[in-house]
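In my numbering, the protein residues as written are 26 to 212.
Glycine is no exception: its CB is placed at the ideal position from the N, C-alpha and C atoms.
Since we're looking at a predicted model, the values are computed, not measured.
Input: a single structure, listed below in structure tokens.
Written as structure tokens, this is what we have:
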């Protein structure tokens with residue numbers, strides 16, 4: 026059974042040319058430094074079209090880098106063993122990304138509960154509420170702060186599609202995100 030959180034038409038796919046990066050599980054294991062390195066690379070590539078304005082370039086690079094890093098970190102942190110595929114494109118005035126990985130059934134249930142909460146309310150209000158909860162209990166995990174920050178502070182549109190994976194007790198997770206990137210946005 027396929028389950029969707031977020032906007033349905035947003036999760037259909039990307040229509041323009043897509044750049045694809047795959048992070049393979051292997052002897053070095055996927056770790057945090059892969060997240061930063063990969064997100065910096067993707068941000069550099071997609072911000073190049075804005076290099077005529079140094080400020081626009083820096084803003085676009087930062088926004089793309091933050092978005093990509095957050096999504097890859099979540100994929101690395103919560104994945105079942107296996108590869109992570111990142112597909113990215115700029116369509117019109119939007120940067121779009123899809124991060125695909127496999128998660129186990131227990132992680133799926135926890136993440137779907139979190140998504141039910143953070144997609145139902147106002148992201149800005151939920152962000153403040155979660156920051157306060159985390160301050161009261163620093164041991165809190167899986168609060169969704171990164172996703173709420175993307176939605177609240179970066180205006181990111183997000184969607185998640187959960188579908189059966191090839192292996193038993195695993196679920197394929199596709200995370201879709203989009204942010205506006207145009208020189209008019211940063212002027």
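CA-CA distance, residue 131 and residue 176?
Stepping through the chain shown from its first residue, residue 131 is reached at position 106. Stepping through the chain shown from its first residue, residue 176 is reached at position 151. The straight-line gap separating the alpha-carbon atoms of residue 131 and residue 176 is approximately 25 Å.
Please determine, among 122, 47, 33 and 27, the residue with the shortest C-alpha to C-alpha distance to residue 206.
Position 181 of the chain shown, counted from the start, is the residue given in the question as residue 206. Closest option to residue 206, Cα to Cα, is 122.
Indicate the three-state DSSP secondary structure (helix, strand or coil) for residue 71 in the structure shown.
As a first step, residue 71 is located in the chain shown; it is residue number 46 there, counting from the start. Residue 71: helix per DSSP, three-state reduction.
Excluding the 5 residues preceding and the 5 following residue 169 in the sequence, name in chain order all residues of the same chain whose CB lies nearer than 6 Å to its CB.
Position 144 of the chain shown, counting from 1, holds the residue named residue 169. Counting only Cβ-Cβ distances below 6 Å, and skipping sequence neighbours, we find 139 and 143.
On the CB-based measure, 16 or more other CB atoms within 10 Å of its CB, does residue 100 come out buried or exposed?
In the chain shown, counting from the first residue as 1, residue 100 sits at position 75. The residue is buried, with at least 16 neighbouring Cβ atoms inside 10 Å.
Note down, one range per segment and in chain order, each alpha helix (DSSP H) of at least 4 residues found wholly within the region 48 to 126.
57 to 72 and 79 to 103
I'd like the ranges of any alpha helix (DSSP H) spanning at least 4 consecutive residues and lying wholly in the region 159 to 183.
170 to 178
Between which residues of its own chain and residue 65 is the CB-CB distance below 7 Å, once the five residues before and five after are set aside?
In the chain shown, residue 65 corresponds to position 40, counting from 1. Counting only Cβ-Cβ distances below 7 Å, and skipping sequence neighbours, we find 90.
Select from 60, 118, 159 and 31 the residue whose C-alpha is nearest the C-alpha of residue 74.
In the chain shown, the residue the question calls residue 74 occupies position 49. Nearest of 60, 118, 159 and 31 to residue 74, Cα basis: 118.
Distance check for residue 81 and residue 203, CA to CA, integer angstroms please.
Counting from 1 along the chain shown, the entry for residue 203 is found at position 178. Counting from 1 along the chain shown, the entry for residue 81 is found at position 56. Residue 203 and residue 81: Cα-Cα distance of roughly 18 Å.
Does the beta-carbon of residue 133 have 16 or more other beta-carbons within 10 angstroms, so that it is buried, or is it exposed?
Within the chain shown, the letter at position 108 stands for residue 133. If you draw a 10 Å sphere on the C-beta of residue 133, you find 16 or more other C-beta atoms in it, and that means buried.
What are the boundary residues of the alpha helix (DSSP H) that residue 200 is part of?
The residue you call residue 200 lines up with position 175 of the chain shown. No alpha helix (DSSP H) contains residue 200, which is instead part of the beta strand (DSSP E) from 195 to 205.
Exposed or buried, what is residue 158 when buried is set at 16 or more other beta-carbons lying within 10 Å of its beta-carbon?
On the chain shown, position 133 is the one that residue 158 refers to. With fewer than 16 other Cβ atoms within 10 Å, it is exposed.
Comparing alpha-carbon positions, which option in 156, 125 and 72 lies nearest residue 165?
Locating residue 165 in the chain shown gives position 140, where the first residue counts as 1. Out of 156, 125 and 72, 156 has the C-alpha closest to the C-alpha of residue 165.
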